[in-house]
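Have a look at the structure below before the remarks.
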Amino acid sequence: MSDSSSAPGSPSGTTAPRDEDPGSPTERALYPTSADLAEHFDVFYRNARERLLLQTFALTGDLASARGAVREAMVVAWHHWRKADALDDPEMYVRPLAWRLALRRSSRRPLRRRRDLDADTRRVLDALGSLTLPQRRALLLTQLAAVTMEEMAHEVGLPLEAAERELQHGAAHLAMQLEIPTASIPLVLSGLTAATGSVVWPRASILRRAGSARRRTHTVIGSAVAITALVAGGALSLDTAGARPTLAREGIGGGGASSTAAKPAAPDLPRTALLAPTAVDAALRAPGWQEITTTDNSAGNGLVLPCQGARYADPRGTAAWLRGFRDGPEATAKRRVLQFAEASAAEPAAERTFRRTVEWFSACTGPVGGAAAADAEPPRTQLVSTAEVAGVGDRAVVLVLRSQNSSRTNVVGVARTGVFTVTVSLGTTTPAARVRRDGVARLLAAAVAPVCRLDGGGACVSGTPRVSDVSAFPVGEVPWMLSEVDLPPLSRDQGPWVGTPVQELTEQRADAGAIGCDTASLFREYRGQTIRTNQFRTFVLSTAPNLPPEVGLTQTVGALPEASAQSFVRRLRAQIDACPDSDASAGTEVRSLDREVGDGSALAAWRLTTALPGDRTVEYDVAVVRRGTSVSLLVYVAAPAARIADADFVALARRAQERLERLRG
Numbered sequence: 149m150s151d152s153s154s155a156p157g158s159p160s161g162t163t164a165p166r167d168e169d170p171g172s173p174t175e176r177a178l179y180p181t182s183a184d185l186a187e188h189f190d191v192f193y194r195n196a197r198e199r200l201l202l203q204t205f206a207l208t209g210d211l212a213s214a215r216g217a218v219r220e221a222m223v224v225a226w227h228h229w230r231k232a233d234a235l236d237d238p239e240m241y242v243r244p245l246a247w248r249l250a251l252r253r254s255s256r257r258p259l260r261r262r263r264d265l266d267a268d269t270r271r272v273l274d275a276l277g278s279l280t281l282p283q284r285r286a287l288l289l290t291q292l293a294a295v296t297m298e299e300m301a302h303e304v305g306l307p308l309e310a311a312e313r314e315l316q317h318g319a320a321h322l323a324m325q326l327e328i329p330t331a332s333i334p335l336v337l338s339g340l341t342a343a344t345g346s347v348v349w350p351r352a353s354i355l356r357r358a359g360s361a362r363r364r365t366h367t368v369i370g371s372a373v374a375i376t377a378l379v380a381g382g383a384l385s386l387d388t389a390g391a392r393p394t395l396a397r398e399g400i401g402g403g404g405a406s407s408t409a410a411k412p413a414a415p416d417l418p419r420t421a422l423l424a425p426t427a428v429d430a431a432l433r434a435p436g437w438q439e440i441t442t443t444d445n446s447a448g449n450g451l452v453l454p455c456q457g458a459r460y461a462d463p464r465g466t467a468a469w470l471r472g473f474r475d476g477p478e479a480t481a482k483r484r485v486l487q488f489a490e491a492s493a494a495e496p497a498a499e500r501t502f503r504r505t506v507e508w509f510s511a512c513t514g515p516v517g518g519a520a521a522a523d524a525e526p527p528r529t530q531l532v533s534t535a536e537v538a539g540v541g542d543r544a545v546v547l548v549l550r551s552q553n554s555s556r557t558n559v560v561g562v563a564r565t566g567v568f569t570v571t572v573s574l575g576t577t578t579p580a581a582r583v584r585r586d587g588v589a590r591l592l593a594a595a596v597a598p599v600c601r602l603d604g605g606g607a608c609v610s611g612t613p614r615v616s617d618v619s620a621f622p623v624g625e626v627p628w629m630l631s632e633v634d635l636p637p638l639s640r641d642q643g644p645w646v647g648t649p650v651q652e653l654t655e656q657r658a659d660a661g662a663i664g665c666d667t668a669s670l671f672r673e674y675r676g677q678t679i680r681t682n683q684f685r686t687f688v689l690s691t692a693p694n695l696p697p698e699v700g701l702t703q704t705v706g707a708l709p710e711a712s713a714q715s716f717v718r719r720l721r722a723q724i725d726a727c728p729d730s731d732a733s734a735g736t737e738v739r740s741l742d743r744e745v746g747d748g749s750a751l752a753a754w755r756l757t758t759a760l761p762g763d764r765t766v767e768y769d770v771a772v773v774r775r776g777t778s779v780s781l782l783v784y785v786a787a788p789a790a791r792i793a794d795a796d797f798v799a800l801a802r803r804a805q806e807r808l809e810r811l812r813g
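Numbered continuously in this note's numbering, the sequence shown closes out at residue 813.
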């Protein structure tokens, strides 16, 4: 029999309020009776089951598995209802269980389709099925479960910043698959209730009986296991005199003295080892720097550096200090310096701390400039350059970052000396192309000098720091392709770049070639040679609804024998150069931006403008790059309000060439 008093789901994604008296945690009895608990459970069951069914159905695409999972989760919930009912929102307890059960039930036939589903429902389920599981979970939690971003990250099992990134990628990919704006995603997901609304539910009393039986079974099994463990462990054994044997309490190793070796003292990092204003003056060769704060960074959210991913890079460190400076009074200051120093318990931990700190800035997946709102959009920062610094500590690097939505530039230096990791950051309005990295390298050396002399310190400073460019450090699961941190700002701020997941190139894409020109394609094979590791990725501006839908950047990569890779680049270069003459009716104008040929590498970039019917034109930038046997093709379709500067596009092509070093076709 079904319970006819079922409440509809909440299509807007908001959690429906629980019934008045029994559902209000402030009005529950301190020690609820069995009748109270049953009443609370029945109300919860009626209010939550439709929402949970919608979520699990969207998660798996399997309605039968979703219904069974919600039912079983409710049985388990009644088993532990005294604990669950004490929570402010018992749904936070039941939902993860229902999701796990649904995924387990549908694992043999993931995203199974019922024949009686309508075309729209199938289309939405297919689009959801194209997301990775973390992306799908993050999207459904925020759109259908009304959780906070912190709660979403906890349930997905990722750090907050990584979970936010999965959410952004999932929303962008789903919107592209369904050809809808991201703002319409909640409405589309709520439309799945057309399939879930016909489900018949058992009465709450039936689930309570099943939960009670489960509790009794677990109690019996638990008692048997405990008795077996006691007998096996000798706790119930008797000696021949009828007394239980005991274990001697005497010390091992003679004399009863403890044999535990004394632990080494934790490395000390005194605040006197931090930079002074005079040291900043000397390093940056500009007087007037003032100290504005010195703390252990335990207050607030702790996110103070650009792209910082967590309060501390070493959460188990023994000490940490944060000190800030500005180049004059608050009202007139244009530059700021932050020093962040951490002490780790041992050198291997310090090596991990150094790598994690560098990853903050090279991947830039954390909040920018200390932004910590839970619903803040992804970092909008471009990694401009990466350099090694010789002569400072055991290892040191300097990275230049610029904001995509302002004129702010940050030059960050990170060094390790022994068990200590030291970071300095200079924030300035000087354009990224004009900043002097050697000044920050000197500042980093000045910060390392007093720290390396401490107990646990390593290499100090030898001579003048020497800065040398290196390729950008690998980012993401597919390090041979571009990431959001590589993309430059546009002529106008259009919101953050969001990249779709990297996918195999299974069909020739129109957005992966030179529009208006007949050119070679990096797809499947070239002149009889199979293109290996043939992949693509698209970057879109998901929060810019006024841009034409075709605006975006597409990157394709592939690997060929080196001679064929060289031939592909030469052929594409010749075809684009000849494009205006080969098809004069198309009205395509070609302007070369750069051309480089090196030992084992090549780069060519163009700006193309093609006339379209109706007095319209389309502008796009094209680049082809090669590194050894690996080739990459970039195509950016622009708009008047979303252009990439010529120098920035050439720099992006060079970054794509750097990333190709990681591809082994």
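Ideal placement from N, C-alpha and C gives every residue a C-beta, glycine not left out. Since this is a predicted model, take the numbers as computed values, not measurements.
Alpha helix (DSSP H) segment containing residue i, residue limits
i      : result
Ala771 : Taken as a continuous stretch (DSSP letters only), Ala771 belongs to no alpha helix (DSSP H), being part of the beta strand (DSSP E) at 764 to 775.
Asn195 : 182 to 208
Leu592 : 585 to 599
Ser656 : According to the sequence provided, residue 656 is Gln. The question's Ser does not apply to it. Counting along the chain, Gln656 falls outside any alpha helix (DSSP H), and DSSP gives it neither H nor E.
Leu276 : 267 to 277
Glu806 : 794 to 807
Thr296 : That residue, Thr296, is in no alpha helix (DSSP H); it is neither H nor E in DSSP.
Pro425 : 425 to 432
Contacts around residue i, its chain only, beta-carbon distance under 7 Å, and the 5 residues preceding and following it disregarded
i      : result
Leu265 : Ala343
Ala431 : Gly587, Arg590, Leu591, Ala594
Ala535 : Val545, Val546, Arg585, Val615, Ser616, Asp617, Val618
Leu641 : Before going further, note that residue 641 is Asp rather than Leu in the sequence given. Contacts found: Asn553.
Gly776 : Glu710, Gly748
Leu531 : Ser510, Cys512, Leu547, Leu549, Ala620, Val633, Asp634
Gly318 : Leu279, Gln283, Arg284, Ala286, Leu287
Start and end residues, beta strand (DSSP E) containing residue i
i      : result
Asn558 : 557 to 565
Ile440 : 438 to 443
Trp226 : Looking at the DSSP string, Trp226 is not in any beta strand (DSSP E); the run it does join, the alpha helix (DSSP H), is 211 to 227.
Leu781 : 778 to 785
Arg739 : 736 to 746
Gln683 : 680 to 688
Trp645 : Run containing Trp645: none; DSSP gives neither H nor E here.
Thr577 : Counting along the chain, Thr577 falls outside any beta strand (DSSP E), and DSSP gives it neither H nor E.
Thr534 : 529 to 540
Leu602 : Taken as a continuous stretch (DSSP letters only), Leu602 belongs to no beta strand (DSSP E), as it is neither H nor E.
Val546 : 543 to 551
Arg810 : Where Arg810 is concerned, there is no enclosing beta strand (DSSP E), given that its DSSP letter is neither H nor E.
Trp349 : Trp349 -> no beta strand (DSSP E), and no H or E assigned at all.
Contacts around residue i, its chain only, beta-carbon distance under 6 Å, and the 5 residues preceding and following it disregarded
i      : result
Gly157 : Reliability of the predicted coordinates at Gly157 is poor, the pLDDT of 35 falling under 50, and the value obtained from them is presented with this limitation in mind. Excluding positions up to five away in sequence, the list reads Glu198, Arg199, Leu202, Thr341.
Gly465 : Glu490, Ala491, Ser492
Glu314 : Pro282, Gln283, Ala286
Val572 : Gln487, Gly561, Leu591, Leu592, Ala595
Ala752 : Arg721, Arg743, Val772
For residue i, the three-state DSSP class (helix, strand or coil)
i      : result
Gln325 : helix
Ala722 : helix
Gly402 : Confidence at Gly402 is low in this model, with a pLDDT of 37, below 50, so the placement of that residue should be treated as unreliable; the coordinate-derived value is given next. Gly402 falls in the coil class under three-state DSSP.
Asp236 : coil
Gly339 : coil
Val699 : coil
Ser254 : coil
Pro415 : coil
Ala668 : coil
Glu632 : helix
Gly661 : coil
Leu638 : coil
Ala789 : coil
Phe621 : coil
Spatial neighbours of residue i in its chain, beta-carbon cut-off 8 Å, leaving aside the 5 residues before and after
i      : result
Asp725 : Val738, Ser740
Interface flag, residue i vs chain C, CB-CB below 8 Å
i      : result
Arg803 : No chain C appears in this structure, which consists of one protein chain only.
Fully enclosed by the segment 452 to 513, which alpha helix (DSSP H) runs are 4 residues long or longer?
-> Counting only runs of 4 or more, we get 495 to 511.
Is the segment 437 to 448 close to the segment 612 to 632, with three or more CB pairs under 8 Å?
-> Contact between the segment 437 to 448 and the segment 612 to 632 is not established, with fewer than three Cβ pairs separated by less than 8 Å.
Could you tell me whether the segment 665 to 675 touches the segment 343 to 360, using the rule of 3 or more Cβ pairs below 8 Å?
-> Three or more beta-carbon pairs separated by less than 8 Å are not found between the segment 665 to 675 and the segment 343 to 360, which leaves the two stretches without contact.
Pair every Cβ in the segment 606 to 617 with every Cβ in the segment 767 to 783, then say whether three or more of these pairs are closer than 8 Å.
-> These segments do not touch.
Between the segment 268 to 278 and the segment 230 to 247, do three or more beta carbon pairs fall short of 8 Å?
-> As far as the Cβ criterion goes, the segment 268 to 278 does not touch the segment 230 to 247, which means the pair count is below three.
Kindly confirm or deny that the segment 792 to 808 and the segment 633 to 640 touch, where touching means at least three C-beta pairs closer than 8 Å.
-> Yes, they touch.
Check whether the segment 694 to 712 touches the segment 793 to 813, counting contact only when three or more Cβ pairs, one atom from each stretch, lie closer than 8 Å.
-> Contact holds between the segment 694 to 712 and the segment 793 to 813, because three or more Cβ pairs, one in each stretch, are under 8 Å apart.
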